[in-house]
Structures are given as C-alpha cells and as structure tokens.
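S.K.:
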C-alpha cells in the first residue's frame, strides 16, 4: 500500500513536470510572444500583415539575415562575436557581381563568366575570410571583437576596390531562380533558410563536432584537457560562419539582380539580435 502510494507520488509529478516543462520552456514562451505579436498586428491592420504576399515577402527578407544569423550562432557558441558579417557579405557580393555582370564597366575579368563558376568563387571568398577570422582569434589569441571589426573594414575596402563604386548591375537572369524562384509555391530563399537551420541544428545537436562546440563555449580550458582541439574547433566555426554569409550574398545578388553596399547594411546587429533573442 505504502509502496504503491510512493510510486504514484513519484510518477505524478514526473508526468505533470513534463507538461509544465513544455509550457514554461523558453522556446514555448518565445512562440507565444511571437504569436501574440502576429495576432496583434493582424487585428490592427485588418489582416493585411498575414496576407500570403506579405508573409512571403517577410520570409524572403528574413531569409538572408536568418542564414547569416546561423553563422553568427556558431561563433557565439564558442564565446566569440563576429562583427565582420557586413564586410564579408560585401566583398563576396562585389566579387560575385563583378564576375557575372555583363556590364564591361564593372566586370572584374573583362568578360562575364557563368554563375555556376562564380558561386563557388563567392563561397570560397566567404570561407577564406571566415578562416582568417578564426586563425587570428584562435591561433593568435586575439579578441574576436577587435579581429572581426578589422576584417569588416578590410572586406568593405576590398569591396570598393573591386568595383570602384560599391555597385554592380547587369546581373544575368540565369541566376535569378535562386533568389526569385520557388518550389511548390515556397520561395527558394525560404527553402534555403530552413535547410541551413536544419543543417545547423543537426550539426550542433547530433554530431560530435557540435558537442565540441558546446564544450569549447562552456569552458575552453576543460575542453582542451578533455582532448578537444580548441583551436581547430574555433577556426572551423568561423569558416562555417563565412560560408553562411557567402550563401546570404548569393541569395541577395540573385534576389535584387544587383550588388550594392546597401544590401549589407546592419547585418551585424540583426544577426547578433537574432541569436540573442532566438536563444541557442
């Protein structure tokens, strides 16, 4: 009798605790706040904000910054901060635009190349800048705030040096499907965004490398003693971030069919805010 009562006492709070855990979790609270905001704006605007076209535009606009925020999240998890987002996106954007443009005035090589060749170059540029960030921060042990701020200025300077004006037009229409196309009525940028989010979640929560990232972020000294190659992890994390920034640049160029410095404005603050508010 007493044993049965004890079992019921142990089982009851467990089941109840799970329910309360879900209802009071940070993610659930954030979803409630988001739902309340959406409902509030929908009421004020008489449903205009939840129209199909408006929601599609919001998702497309958010996808570029969302992909960049995924890269920022990797860096933040290792107790770093990346202020070079705009700089990396800018130089990647201008290099890609100047390679594919049909306007001789802005062409980097004097002749336009296929976007199929330009996109890998853009990804390489992003990864190269990200790796440089990681090397300076991890190997030379310089503060990430200072390093990435410097790399941001270098990226912006190179972007202007490549184009001479920070603007490239005459992007070929063959690349438009990336930023303007859709699959089953879902815009391609949104599909890419959700794919990056899913990939990031898998890496962080389902792989040994993800566990190493959390270990480095929790206590790099203890992680090193446990056998984690801290320097390697931090360099790879910055390289991943650079690749995500480059993907955002590809989407931006194909979405607006141009490359301008205005497309990179405010990426640092928006990605940091997304990581801070969204949680890890």
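Numbering (the numbering used here), first residue to last: 18 to 297. Beta carbons are placed, not taken as given, at the ideal position from N, Cα and C, and that holds for glycine.
1. Only counting the same chain, and skipping five residues up and downstream in sequence, which positions put a Cβ closer than 6 Å to that of residue 11?
2. Tell me the DSSP secondary structure of residue 199 in three-state form.
3. Rounded to whole angstroms, what is the Cα-Cα separation between residue 186 and residue 109?
4. Using a C-beta cutoff of 8 Å, does residue 287 count as contacting chain D?
5. Nearest to residue 96 by alpha carbon, out of 242, 233, 282 and 144?
6. Taking DSSP's pairing of strands, which residues face residue 277 in a bridge?
7. So residue 97 is in the alpha helix (DSSP H); what residue range does that whole segment cover?
8. Just confirm the distance between the C-beta atoms of residue 150 and residue 255, as a whole number of angstroms; I'd bet it's less than 8 Å.
9. Throw me the rounded Cβ distance for the residue 114 and residue 276 pair, which I believe falls under 8 Å.
10. Starting from residue 120, trace the alpha helix (DSSP H) both ways and give me its first and last residue.
11. Spatial neighbours of residue 169 within its chain, please: C-beta separation below 7 Å, excluding the five flanking residues on both sides.
12. Could you give the distance in angstroms between the alpha-carbon of residue 195 and the alpha-carbon of residue 242?
13. Helix, strand or coil, according to DSSP, for residue 206 in the structure here?
14. What's the C-alpha gap between residue 76 and residue 207?
15. State the Cα-Cα distance for the pair residue 137 and residue 111, rounded to the nearest angstrom.
16. From what residue to what residue does the alpha helix (DSSP H) around residue 50 run?
17. For the region 209 to 217 against the region 82 to 89, do three or more pairs of beta-carbon atoms, one drawn from each stretch, fall closer than 8 Å, so that the two count as touching?
18. Find the nearest neighbour of residue 205 within the set 56, 279 and 269, judged by alpha-carbon distance.
19. Grab me the residues of residue 130's own chain with a C-beta within less than 7 Å of its C-beta, minus the 5 sequence neighbours each way, in chain order.
20. Taking just the CA atoms, how far does residue 181 sit from residue 125?
21. Assuming the contact rule is C-beta atoms closer than 8 Å, residue 106 and residue 266 should be a hit. Round their C-beta distance to whole Å, please.
22. Return the Cβ separation of residue 247 and residue 240 in integer angstroms, given the expectation that the two are a contact with Cβ distance under 8 Å.
23. Run the CB neighbour count on residue 53, radius 10 Å, all protein chains shown included, and call it buried at 16 or more, exposed below.
M.R.: To lay it out plainly:
1. Any question about residue 11 goes unanswered here, given that the chain covers just 18 to 297.
2. Residue 199 falls in the strand class under three-state DSSP.
3. Residue 186 and residue 109 have their C-alpha atoms some 15 Å from each other.
4. Of the chains in the structure shown, none is chain D; there is only one protein chain.
5. Checking every option, the nearest Cα to that of residue 96 belongs to 233.
6. The partner list for residue 277 (beta bridge, DSSP) reads 184.
7. Unbroken run through residue 97: none, as it is neither H nor E.
8. The C-beta separation of residue 150 from residue 255 comes to about 4 Å, placing the pair in contact by the 8 Å criterion.
9. Correct: roughly 3 Å between the Cβ atoms.
10. Residue 120 -> no alpha helix (DSSP H), and no H or E assigned at all.
11. Spatial neighbours of residue 169 in its own chain (CB-CB distance under 7 Å, excluding positions within 5 residues in sequence) are listed in chain order as 100, 101, 103 and 104.
12. About 45 Å.
13. Helix at residue 206.
14. For residue 76 and residue 207, the distance between alpha carbons rounds to 6 Å.
15. Taken atom to atom, the span from the alpha-carbon of residue 137 to that of residue 111 is near 14 Å.
16. Run containing residue 50: 43 to 61, per the alpha helix (DSSP H) assignment.
17. Here the region 209 to 217 lies against the region 82 to 89, with 3 or more beta-carbon pairs under 8 Å apart.
18. For the residues 56, 279 and 269, the minimum Cα distance to residue 205 belongs to 269.
19. Cβ-Cβ distances below 7 Å link residue 130 to 116 and 117 in the same chain, with the five nearest sequence neighbours on each side left out; the list follows chain order.
20. Spanning the two alpha carbons is a distance of roughly 10 Å.
21. At roughly 5 Å, the Cβ-Cβ gap stays under 8 Å, so residue 106 and residue 266 are in contact.
22. About 6 Å separates the two Cβ atoms, so the contact holds.
23. Answer is exposed; the Cβ neighbour count stays below 16.
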